[in-house]
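Working notes for the structure below.
Protein chains: 2
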Amino acid sequence: MNAQTAPLETPEALVESLARKGRDAQRVLAGMSDADKTAALVAAAAALRADEKAILAANARDLAAGEANGLTNAMLDRLKLDPARLAGIADAVEQVARLKDPVGQVIDSSERPNGLRLSRVRVPIGLIGIIYESRPNVTADAAALCVRAGNAALLRGGSEAVHSNRAIEAAMARGLASAGVPEGAVQLVPTQDRAVVGAMLTAAGLIDMIVPRGGKSLVARVQADARVPVLAHLDGICHTYIHSAADPAMATALALNAKMRRTGICGATETLLLDAQFPASHDVVSALLDSGCELRGDARARALDPRILPASANDWDTEYLDAILSVAVVDGLDAALAHIARHSSHHTDAIVTGDDAAAERFLNEVDSAIVMVNASTQFADGGEFGLGAEIGIATGRLHARGPVALEGLTTYKWQVRGSGQTRP
Amino acid sequence: MNAQTAPLETPEALVESLARKGRDAQRVLAGMSDADKTAALVAAAAALRADEKAILAANARDLAAGEANGLTNAMLDRLKLDPARLAGIADAVEQVARLKDPVGQVIDSSERPNGLRLSRVRVPIGLIGIIYESRPNVTADAAALCVRAGNAALLRGGSEAVHSNRAIEAAMARGLASAGVPEGAVQLVPTQDRAVVGAMLTAAGLIDMIVPRGGKSLVARVQADARVPVLAHLDGICHTYIHSAADPAMATALALNAKMRRTGICGATETLLLDAQFPASHDVVSALLDSGCELRGDARARALDPRILPASANDWDTEYLDAILSVAVVDGLDAALAHIARHSSHHTDAIVTGDDAAAERFLNEVDSAIVMVNASTQFADGGEFGLGAEIGIATGRLHARGPVALEGLTTYKWQVRGSGQTRP
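Protein chains in written order, with the working numbering: chain A, 986 to 1409; chain B, 986 to 1409.
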């Protein structure tokens, strides 16, 4: 990359020069056809496969440095690539290549009495900044999603993965260039200077959107400091409410899956609400305890099983991301809705019930990005929603919420077709 | 209003208490039916009519203070209400009452192979802060649009209109309350302390969106200081490009209307681009000059008519909001697109042409919220677009652009209906 050899000047000047190059490339990308973008991403996937040796060698350098720097085993595992994982990354890029292009889609259209014809048409957002931590697959995933929707990507990965990210970006860029995508379409920030992150966050007018991918402290910093719009969620304090009319076996299966399938993902349930009229609450908590989950309950929940620890006031607002679950007994749907309104992070909340009226009220009244009936909160995922992929899950309200994939990476413009109409 | 009698504490504490009241009211509003919201706004319109005397008396106080404070005639005219103008305000509220409710609209839905059924459903944004200047009609218009889409409004009007705004808000609130809308749904900030504006702009998590309505300095301040998402546009540097294949009579009529119909609105054309191959450029500039418009041109434009003044580099980036127009001669569509890409504020740009291919390229390649063919840029308006009203015109990219009305005041949530699916 040219920017690597350029003098660094200030972080702001570096971001401006990267952003201008990205914006120029994005204008070309915005005019590329669906088929051209597909071909470019297929070529990028092929380049990732062709560069297997170089990418794995770069990754080995990162792993060695990480061990020397005392990274935990969990962090090293997140960082580690092997032939199977790299093949998975290339396959994911190819899957994104095959997704339907949202750009150019007509959202709606109308004709005015004076003959003006209006259409709202999907267009790319522009230049998207991705700020992420150790997982090198984000370099390929995020770049592919951005390019597929006609956006340029400016990537700023974590220091632990710097060599892996550079090798992956080099392969992607070569593949994309071979299919006519300008080289600025996917750029990796060529320095780990943390001041560059600050410069990206304040580059309003140069970067159109920031997507943070990583832990809560990263997301919190981005949300606090960004002057550029951010698509993100901070917490996934997800609730599963077992209504009085829930099927007991379904309630147990869903509670177990929603908490324990993978405890570290944002869609994992963190609070279980048991209706006081639900007759099988004891079975649900027993199954959770027997599966190795620590339960922290209010007084009525603790009466169900002596193994349940007392919950503190903080527990209702805690995202454990671990085999820990807070449990409260509530008096009916209204009490459940009130608890969720107060404590939910508006990510994903679910009701288990056989009562259609209760289900519809829950669907309508819970103000979260995703609201579920009789399903595990762990389905909160772009792939599971059939979007093919996701750039992240958004809890903001303007205007993409939930799993954000290609469509969420676009906005629209109004196209107006007239025949000489002047406004009276 | 209770807040008026409460101790003011800090601006942040005042905004928090207003916002919490607004948010509580909004939750009730979000559950109200289409018919209930219509009835409430019809009642608000009736209350505005019933309070004519009180509102006009309050307005007379503002006008007297404005004259004493040396407001210009233009500012006094913006501030002034009379029976006809107030009737117009009430009629506008009633028109909004009759618009179709976007809340609950299903944007799209799908079914997954595992039987999960997904829907994206429109929901209100929440609590919307409106920060505006002297026009008291904004108090009624903005409140009506917010409530129609299930949002609460926190209004902070200009000092010049303080009595008018309070009288209008009191009438609206009484009408809304008579139809079951909680009193916090529409609140006027009960102090003109400017620090409250700062507290609103940084009330992320309490206020969901800010809409500034007023001059460029107000919008610039809001955009610079807000931590809450902002729907706005800063500049309306709109272009009309007369392509070589434009009909000469249509070109003249559109150029005149786009600039001169009303020069002070954001959709007024500020730069005219004349194709070097367009044969009737002289007629277009003569008509503009004869209508009283000052033209500032590049060298080739000035050769068309000796009355054209020389343009400086700044002129291409200036929103005159006056009977002044910058004029450049360009060599074909590519040069026009390049000029617009460099100088447009991405609000509204238009081409005049009889060539469909040129029109389609312009529609696709100009990256503005509104792109027009053979129509006056002065049509950039929610009412003209058939939206019934508008809260403003947005040039941001996430995710409402162009005239923003009811739909732009909503976001969506994903509703998921399952039958016990657990994620493998």
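All C-beta atoms, glycine included, are put in the ideal place defined by N, C-alpha and C. What you are looking at is a predicted structure, and each value in this text was computed from that prediction instead of being measured.
Helix, strand or coil: which one does DSSP assign to B/Gln-1400?
For the purposes of this step, residue 1400 of chain B is identified with residue 415 of the second sequence, where counting begins at 1. Strand at B/Gln-1400.
Identify the residues that DSSP records as bridge partners of B/Leu-1139: which are they?
Counting from 1 along the second sequence, the entry for residue 1139 of chain B is found at position 154. Note: B/Leu-1139 sits in a beta bridge opposite B/Gly-1114 and B/Gln-1172.
CA-to-CA distance, B/Arg-1102 to A/Asn-1359, given in whole angstroms
As a working note, residue 1359 of chain A is residue 374 in the first sequence. As a working note, residue 1102 of chain B is residue 117 in the second sequence. Near 11 Å, if we compare the C-alpha coordinates of B/Arg-1102 and A/Asn-1359.
Amino acids of chain A, ordered along the chain, whose beta-carbon sits closer than 9 Å to that of B/Gly-1111:
Position 126 of the second sequence, counted from the start, is the residue given in the question as residue 1111 of chain B. Result: Asp-1352 and Arg-1382.
Helix, strand or coil: how does DSSP classify B/Thr-1362 here?
Counting from one through the second sequence, the residue named residue 1362 of chain B turns up at place 377. Helix at B/Thr-1362.
Given this structure, state the Cα-to-Cα distance separating B/Leu-1289 from B/Gln-1208, to the nearest angstrom.
If you number the second sequence from 1, residue 1289 of chain B lands on position 304. If you number the second sequence from 1, residue 1208 of chain B lands on position 223. So the two alpha carbons sit approximately 40 Å from each other.
Name, please, each residue of chain A whose Cβ falls closer than 8 Å to the Cβ of B/Lys-1022.
Position 37 of the second sequence, counted from the start, is the residue given in the question as residue 1022 of chain B. Those within 8 Å of B/Lys-1022 in chain A number zero; the least Cβ separation is about 15 Å.
Going straight from the alpha carbon of A/Pro-1409 to that of B/Phe-1364, what length do you get?
Along the first sequence, one-based indexing puts residue 1409 of chain A at 424. Along the second sequence, one-based indexing puts residue 1364 of chain B at 379. Using only the alpha carbons, I get a separation of about 9 Å.
The beta strand (DSSP E) enclosing B/Asp-1260, as first and last residue numbers:
Here residue 1260 of chain B corresponds to residue number 275 of the second sequence, with the count starting at 1. It spans 1254 to 1260 - the beta strand (DSSP E) in which B/Asp-1260 sits, taken as one unbroken run.
Exposed unless 16 or more other CB atoms sit within 10 angstroms - verdict on A/Ser-1329
Counted from its first residue, the first sequence places residue 1329 of chain A at position 344. Buried, because 16 or more other Cβ atoms sit within 10 Å of the Cβ of A/Ser-1329.
Closer than 8 Å, CB to CB, is A/Lys-1398 near chain B or not?
As a first step, residue 1398 of chain A is located in the first sequence; it is residue number 413 there, counting from the start. Taking Cβ atoms only, chain B reaches closer than 8 Å to A/Lys-1398, which makes this a yes.
With a threshold of 8 Å, are at least 3 pairs of Cβ atoms found where one atom belongs to the region 1275 to 1291 of chain A and the other to the region 1218 to 1232 of chain A?
no
Chain B partners of A/Met-1423, CB-CB under 8 Å?
Outside the shown range of chain A, which is 986 to 1409, sits residue 1423 of chain A, and nothing can be said about it.
Could you tell me the distance, in whole angstroms, from the CA atom of B/Ala-988 to the CA atom of B/Thr-1248?
Translated into positions along the second sequence, residue 988 of chain B becomes position 3. Translated into positions along the second sequence, residue 1248 of chain B becomes position 263. For B/Ala-988, the predicted model reports a pLDDT of 44, less than 50, meaning its position is unreliable and no value from the coordinates is stated.
Please identify, using Cβ separations under 9 Å, the residues of the region 1174 to 1206 of chain A that lie next to chain B, in order along the chain.
Ala-1189, Asp-1193 and Met-1194
Step through the CB atoms of chain B and report whether any lies within less than 8 Å of the CB of A/Asp-1245.
Reading the first sequence from its first residue, position 260 is the one you call residue 1245 of chain A. At residue 1245 of chain A the sequence reads Met, which differs from the Asp that was named. A/Met-1245 does not count as touching chain B.
Could you give the DSSP three-state label for A/Ile-937: helix, strand or coil?
The question about residue 937 of chain A has no answer here: the residues shown for chain A are numbered 986 through 1409.
If you run the structure through DSSP and keep just helix, strand and coil, what is A/Val-1147?
On the first sequence, residue 1147 of chain A is found 162 positions in, with the first residue counted as 1. DSSP places A/Val-1147 in helix when its eight states are reduced to three.
Under 8 Å by beta carbon: chain A residues contacting B/Pro-1214
Within the second sequence, residue 1214 of chain B is the residue found at index 229, counting from 1. Pro-1214, Gly-1381, Arg-1382 and Leu-1383, listed in chain order.
8 Å Cβ cutoff, A/Thr-1407 in contact with chain B:
For the purposes of this step, residue 1407 of chain A is identified with residue 422 of the first sequence, where counting begins at 1. It does; some Cβ of chain B falls within 8 Å.
Since A/Pro-1410 is in the alpha helix (DSSP H), which residue starts that stretch and which ends it?
The structure shown does not extend to residue 1410 of chain A, since chain A spans only 986 to 1409, so no value can be given for it.
For B/Pro-1214, the three-state DSSP class (helix, strand or coil)
Here residue 1214 of chain B is taken as the residue at index 229 of the second sequence, counted from 1. B/Pro-1214 falls in the coil class under three-state DSSP.
Would B/His-1331 be called buried (16 or more neighbouring beta carbons within 10 Å of its own) or exposed?
On the second sequence, residue 1331 of chain B is found 346 positions in, with the first residue counted as 1. Buried.
Just how far apart, CA to CA, sit B/Leu-1061 and B/Leu-1048?
Walking along the second sequence from the start, residue 1061 of chain B turns up at place 76. Walking along the second sequence from the start, residue 1048 of chain B turns up at place 63. So the alpha carbons of these two residues sit roughly 7 Å apart.
Which residues does DSSP list as the beta-bridge partners of A/Glu-1279?
Here residue 1279 of chain A refers to the residue found at position 294 of the first sequence. According to DSSP, A/Glu-1279 bridges with A/Ile-1309.
If contact is defined by three or more beta carbon pairs under 8 Å, each pair taking one atom from either stretch, is the region 1383 to 1401 of chain B in contact with the region 1268 to 1284 of chain B?
no
Along the beta strand (DSSP E) that carries B/Ser-1329, what are the first and last residues, could you check?
Here the question's residue 1329 of chain B lines up with position 344 in the second sequence. Looking at the DSSP string, B/Ser-1329 is not in any beta strand (DSSP E), and its letter there is neither H nor E.
Helix, strand or coil for A/Gln-1406, going by three-state DSSP, please let me know.
Position 421 of the first sequence, counted from the start, is the residue given in the question as residue 1406 of chain A. A/Gln-1406: strand per DSSP, three-state reduction.
Secondary structure, alpha helix (DSSP H): runs of 4+ residues fully inside the region 1000 to 1038 of chain A:
1019 to 1035
Throw me the rounded Cβ distance for the B/Thr-1395 and B/Ile-1110 pair, which I believe falls under 8 Å.
In the second sequence, residue 1395 of chain B corresponds to position 410, counting from 1. In the second sequence, residue 1110 of chain B corresponds to position 125, counting from 1. That belief holds up - the Cβ atoms of B/Thr-1395 and B/Ile-1110 are roughly 6 Å apart, short of 8 Å.
With a cut-off of 8 Å, do at least 3 Cβ pairs link the region 1252 to 1269 of chain A to the region 1309 to 1325 of chain A?
yes
Ignore the nearest five residues each way along the sequence and tell me which others in B/Cys-1223's own chain have a CB closer than 7 Å to its CB.
Position 238 of the second sequence, counted from the start, is the residue given in the question as residue 1223 of chain B. Closer than 7 Å at Cβ, skipping near neighbours: Gly-1252, Ala-1253, Thr-1254, Glu-1255, His-1332, Thr-1333, Asp-1334 and Thr-1362.
If you measure between the beta carbons of B/Ala-1217 and B/Ala-1379, is that distance less than 8 Å?
Position 232 of the second sequence, counted from the first residue, corresponds to residue 1217 of chain B. Position 394 of the second sequence, counted from the first residue, corresponds to residue 1379 of chain B. It is a contact, given that the beta carbons lie within the stated cut-off.
Given this structure, state the Cα-to-Cα distance separating B/Lys-1085 from A/Pro-1214, to the nearest angstrom.
Here the question's residue 1085 of chain B lines up with position 100 in the second sequence. Here the question's residue 1214 of chain A lines up with position 229 in the first sequence. Looking at the two C-alpha atoms, the distance is approximately 30 Å.
Distance check for A/Arg-1133 and A/Ile-1115, CA to CA, integer angstroms please.
Along the first sequence, one-based indexing puts residue 1115 of chain A at 130. Along the first sequence, one-based indexing puts residue 1133 of chain A at 148. A/Ile-1115 and A/Arg-1133: Cα-Cα distance of roughly 15 Å.
For A/Thr-1395, which beta-bridge partners are listed by DSSP?
The count along the first sequence starts at 1 and reaches residue 1395 of chain A at position 410. Answer is A/Pro-1109.
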